[in-house]
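Student: Pasting in a structure now, in structure tokens, and then I'll have a few things to ask.
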Amino acid sequence: MRAENKMQIDFLSKSSNEGFARLAVAGFAAQLDPTLEEIGDIKTAVSEAVTNAIVHAYPDSIGRIRIQARLYAGGILELVVRDWGVGIADVDEARRPMFTTGGEERSGMGFTIMESFMDSLRVRSAPGKGTVVTMKRKIALRGGEAQ
Ligand SMILES: Nc1ncnc2c1ncn2[C@@H]1O[C@H](COP(=O)(O)OP(=O)(O)OP(=O)(O)O)[C@@H](O)[C@H]1O
Ligand SMILES: [Mg+2]
């Protein structure tokens with residue numbers, strides 16, 4: 023399926039860029055005229071994926087993070103969050119609720135949150151190569167409302 027619109031941003035894995043990434047995606051998604059709840063869900067999912075790339079992918083260094091957003095017919099928003107960091111050895115294990123390698127300060131709920139706030143979540147990863155998180159969310163078309 024061909025995207026009706028798309029954007030891509032690359033930024034450094036600094037925690038100060040987490041808010042930027044969230045707002046950039048929200049700004050792109052705004053053309054779908056989402057509800058506050060929909061935009062909140064999308065921002066939360068982006069925040070979790072980007073925080074993972076900042077915290078886990080590049081634990082002792084600053085690396086590159088890429089977000090691609092694509093818009094498909096029918097109001098389907100696809101988000102791809104990619105890093106070239108340490109990768110995940112066992113993705114099924116990492117996706118399990120409360121699984122974390124982050125110690126005390128992490129709750130291991132990031133993937134579970136992404137899964138529940140988005141319609142679909144796919145995680146591809148290879149140790150030493152990086153991680154690609156792909157999420158989709160359909161934004162209801164709100165026809166019939168006064169514009
Ligand atoms: N981009 C990534 N690169 C490398 N490892 C990752 C990445 N994203 C997630 N992981 C691994 O998967 C685990 C689970 O991630 P998840 O987001 O569910 O929980 P968390 O980040 O540990 O805790 P929380 O998100 O609740 O703060 C992480 O602890 C980490 O080991
Ligand atoms: Mg996390």
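Note that the working numbering has the sequence shown beginning at 23, numbered continuously upward.
Every residue, glycine too, gets a C-beta built ideally from N, C-alpha and C.
What you are looking at is a predicted structure, and each value in this text was computed from that prediction instead of being measured.
(1) Can you say whether Met-23 is buried or exposed, counting buried as having 16 or more other CB atoms within 10 angstroms of its CB?
(2) Just to confirm, does Asn-39 get its C-beta within under 6 Å of one of the non-hydrogen atoms of ligand 2?
(3) So Leu-101 and Val-68 are supposed to be a Cβ contact under 8 Å. How far apart are they, rounded?
(4) Could you pull out every residue in the same chain whose Cβ sits closer than 7 Å to the Cβ of Thr-134, ignoring the five residues on either side in sequence?
(5) Please find out if some non-hydrogen atom of ligand 2 comes closer than 6 Å to the beta-carbon of Asn-74.
(6) Nearest by alpha-carbon distance to Met-140: which of Asn-39, Asp-32, Gly-49, Ile-61 is it?
(7) Out of Gln-30, Val-108, Lys-158, which one is the CA nearest neighbour of Gly-96?
(8) With Val-68 as the anchor, note down where its alpha helix (DSSP H) starts and where it stops.
(9) Report the residue from Ile-31, Gly-85, Arg-117 whose alpha carbon sits nearest the alpha carbon of Val-19.
(10) Under the three-state reduction of DSSP, which class applies to Gln-169: helix, strand or coil?
Tutor: Inspection of the coordinates gives the following:
(1) Residue mapping note: residue 23 aligns to position 1 of the sequence shown, counting from 1. So Met-23 counts as exposed.
(2) For the purposes of this step, residue 39 is identified with residue 17 of the sequence shown, where counting begins at 1. The answer is no for Asn-39.
(3) In the sequence shown, residue 101 corresponds to position 79, counting from 1. In the sequence shown, residue 68 corresponds to position 46, counting from 1. With a Cβ gap of about 7 Å, Leu-101 and Val-68 count as contacting.
(4) Here the question's residue 134 lines up with position 112 in the sequence shown. Hits under 7 Å: Pro-119.
(5) Numbered from 1 along the sequence shown, position 52 holds the residue referred to as residue 74. It does: the Cβ of Asn-74 is within 6 Å (strictly closer) of some heavy atom of ligand 2.
(6) Translated into the one-based positions of the sequence shown, residue 140 becomes position 118. For the residues Asn-39, Asp-32, Gly-49, Ile-61, the minimum Cα distance to Met-140 belongs to Ile-61.
(7) For the purposes of this step, residue 96 is taken as the residue at position 74 of the sequence shown. For the residues Gln-30, Val-108, Lys-158, the minimum Cα distance to Gly-96 belongs to Lys-158.
(8) Position 46 of the sequence shown, counted from the start, is the residue given in the question as residue 68. 58-74 is the extent of the alpha helix (DSSP H) around Val-68.
(9) Residue coverage of the chain in this structure runs from 23 to 169, which leaves residue 19 outside it and unanswerable.
(10) Against the sequence shown, residue 169 aligns to sequence position 147. For Gln-169, the pLDDT reaches just 46, beneath the cut-off of 50, and the residue's location in the model is therefore unreliable, although a value from the coordinates is still provided. Gln-169: coil per DSSP, three-state reduction.
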